[in-house]
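Taken in order, these protein sequences are the chains called W and G.
According to the working numbering, the stretch in the first sequence is residues 11 to 122, in order.
According to the working numbering, the stretch in the second sequence is residues 41 to 155, in order.
First up is the structure itself, then whatever we jot down about it.
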Amino acid sequence: GDSVTQMEGPVTLSEEAFLTINCTYTATGYPSLFWYVQYPGEGLQLLLKATKADDKGSNKGFEATYRKETTSFHLEKGSVQVSDSAVYFCALNNFGNEKLTFGTGTRLTIIP
Amino acid sequence: GAVVSQHPSRVICKSGTSVKIECRSLDFQATTMFWYRQFPKQSLMLMATSNEGSKATYEQGVEKDKFLINHASLTLSTLTVTSAHPEDSSFYICSARRGLTTEAFFGQGTRLTVV
C-alpha cells in the first residue's frame, strides 16, 4: 500500500537557519504530494503541493520538488523564522483515491 | 478560503458515556468528509470516509459501531464515540473536500479525554 516516510523530529533551529525536512514515499501510480503545517492548537493547513514529477510547490518561502526518481518531496526553507515553529506533515494522495496518506509529522521549533 | 469548523475543541467525558464531535464546512458544500485520529507523536490515521446521504466507509480495524459517523447534510458530519473508554482518548480531526478538487480542508481538531 501507499506510505510516507518522514524525517523524525523534533528539529530545533536558530532563526535564519536553513531548513530541510526529508520526505520519501512509496506509491503505485502517480500520486500528488503535499506538505501540511499544524500550528499549536490548530488544524492542518495546506502549505504547498505538487501534482506531477519535477513540479515545485512553494509558499511562504517554503519549497519542495517532486522527485520521482528518488520518490522524494523534501521541504526546504532558506531562512526560518520563529513563526515557522509548528508540526509539518508530508502526505500523498494517489490517483483516483480520495484518501490522504500522512507521514508521522516533524515538530519544528525555531529559537530566536 | 475554505473554512472547516470542528466542535468542541476539547472534551472530557466519563468512561462509558458517549460524546459527539461536529465538523462543519462553513463556506462551501462538502460531499465528502474524512475523520482522522492522531496519536501522540504519530501520524494521522484515517478512520472513515463520510459521504453525504450515505453510510460511511470505515478503514480496516475501525469499529463502526463504536465510532458512529453521520453526514446528514452537505455542511455537517458528526462523529459519535460510543461507550468511550480511556484508550479512546486521542486527537480527532476532520477534513472536508470541496467539489472534485484534490485539496482537503481541515478542522482544528478535538482533544478527547476519557476518564
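We put the CB at the ideal spot given by N, CA and C, even for glycine.
From a predicted model like this one, the values you see are computed outputs, not experimental measurements.
Which listed residue (the options) has its alpha carbon closest to that of residue i
i       : options                             : result
W/Thr61 : W/Gln55, W/Phe72, W/Trp45, W/Gly113 : W/Trp45
W/Thr81 : W/Leu56, W/Leu43, W/Val47           : W/Leu43
W/Ser19 : W/Lys59, W/Ser95, W/Ala63           : The displayed chain sequence assigns Gly, not Ser, to residue 19 of chain W. Comparing Cα-Cα distances from W/Gly19 to each of W/Lys59, W/Ser95, W/Ala63, the minimum goes to W/Ser95.
Residue i classed as buried or exposed, judged by whether at least 16 other C-beta atoms fall within 10 angstroms
i        : result
W/Lys70  : exposed
W/Thr38  : exposed
W/Phe28  : exposed
W/Lys125 : Nothing can be reported for residue 125 of chain W: it is not among the residues displayed for chain W, which extend from 11 to 122.
Beta-carbon proximity check, residue i vs residue j, cutoff 8 Å
i        : j        : result
G/Arg64  : G/Tyr132 : no
G/Ser113 : G/Glu143 : no
G/Ser55  : G/Val155 : yes
G/Thr72  : W/Glu108 : yes
W/Leu56  : W/Phe72  : no
G/Ala42  : G/Phe68  : yes
Beta-carbon contacts of residue i that lie in its chain and below 8 Å, excluding the five residues immediately before and after
i        : result
G/Phe107 : Trp75, Met87, Ala88, Tyr98, Leu119, Thr120, Val121, Thr122
Neighbourhood of residue i by C-beta, 6 Å cutoff - its chain only, sequence neighbours within 5 removed
i        : result
W/Thr114 : Gln16
W/Val75  : In the sequence on display, residue 75 of chain W carries Thr and not Val. So the list reads Lys66, once near-sequence residues are dropped.
Whole-angstrom distance between residue j and residue i, CA atom to CA atom
i        : j        : result
W/Tyr5   : W/Arg117 : Within the shown structure, residues of chain W are numbered from 11 to 122, placing residue 5 of chain W beyond reach of any answer.
G/Cys53  : W/Thr111 : 30 Å
G/Asp128 : W/Tyr40  : 35 Å
G/Arg50  : W/Glu25  : 32 Å
G/Lys104 : W/Ser93  : 40 Å
G/Lys60  : G/Gly149 : 13 Å
W/Lys78  : W/Ala63  : 6 Å
Cut-off 7 Å between Cβ atoms - residues of its own chain near residue i, not counting five sequence neighbours on either side
i        : result
W/Thr22  : Thr119, Ile121
W/Leu58  : Trp45, Gly67, Ser68, Asn69, Phe72, Ala74
G/Arg137 : Ala70, Thr72, Ala144
G/His47  : Glu62
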